[in-house]
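Read the structure below first, then the notes.
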Amino acid sequence: MAHVATPVSVVTTVSAGSAFGTTVSAFLSLSMQPPMVLISLDAGSNLLAALKPGSPLGVNVLGEGQGSIARHFATKSKDKFEGIVWQPEAGAPRLPDLHVWIAGRVAEITPAGDHMLVLVNVEETDAGRGSPLTYWSGVFGTHYGDKN
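In this text, residue positions in the sequence shown follow this note's numbering: the first is 791, and each later residue adds one.
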């Protein structure tokens, strides 16, 4: 699967007064009516443990040059928000200078192998500028349109 290019996002929530977040590359648009996205989280994820149906959830789709943020949130650190600038929006932490912001609420959590699929009802979106951060063959990069 390393040869499939994917967008890179930091998925976030606030639960019991604490902020949670993790880097994901398994995120996709699921439905237009109603607007929904799907996120795949490791079954042992601290973020997953903080989620239940109805929980607020933010998808911070990272942009070009934000690989250090992706690496930071990919760690097993207990307080991933220490030293990170963010603001609360729609009940979830929003990071600055994003490619895209998506906020919603968890609709359903379903087991899938060693992961859990989180279905999210989208409540708001905000498109930023620039190119998205992508992950391909173990390397962060970006996408530029085909000139042909």
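Every residue gets a Cβ at the ideal spot worked out from N, C-alpha and C, and that includes glycine.
Among the options, nearest to residue i - alpha-carbon criterion
| i | options | result |
| --- | --- | --- |
| E879 | G848, F810, G928 | G848 |
| E759 | G807, M822, V794, A806 | The structure shown does not extend to residue 759, since the chain is modelled only from 791 to 938, so the question has no answer here. |
| P901 | L828, T803, L820, G811 | L828 |
| D916 | K866, G834, H889, G935 | H889 |
| T796 | G918, V804, L841, S819 | S819 |
| A882 | R919, L841, H862, G873 | L841 |
| G811 | P824, L885, G857 | L885 |
| W891 | G903, I899, N836, W876 | W876 |
| I899 | E872, Q856, L837 | L837 |
Spatial neighbours of residue i in its chain, beta-carbon cut-off 8 angstroms, leaving aside the 5 residues before and after
| i | result |
| --- | --- |
| A860 | V798, V800, T813, L852, L923, Y925, F930 |
| G844 | R895, V896 |
| H793 | W926, S927 |
Whole-angstrom C-beta distance between residue j and residue i, which should lie under 8 angstroms
| i | j | result |
| --- | --- | --- |
| A816 | S830 | 4 angstroms |
| M826 | L909 | 6 angstroms |
| H905 | A833 | 6 angstroms |
Local conformation of residue i per DSSP, three classes
| i | result |
| --- | --- |
| A806 | coil |
| F930 | strand |
| L838 | helix |
| G844 | coil |
| V794 | coil |
Limits of the unbroken alpha helix (DSSP H) element including residue i
| i | result |
| --- | --- |
| F863 | 857-863 |
Sequence-distant residues of its chain with Cβ nearer than 6 angstroms to residue i (five each side left out)
| i | result |
| --- | --- |
| P921 | Looking at the sequence provided, one finds Ser at residue 921 rather than Pro. Closer than 6 angstroms at the Cβ level, and outside the excluded window around S921, lie E854, T932, H933. |
First through last residue of the beta strand (DSSP E) which encompasses residue i
| i | result |
| --- | --- |
| Q877 | 877-879 |
| I833 | Rather than Ile, the amino acid found at residue 833 in this sequence is Ala. A833 -> no beta strand (DSSP E), and no H or E assigned at all. |
| I892 | 890-902 |
7 angstroms CB neighbourhood of residue i in its chain, flanking five on each side removed
| i | result |
| --- | --- |
| N850 | S799, V800, T802, R884, L885, L888, W891 |
| P824 | N911 |
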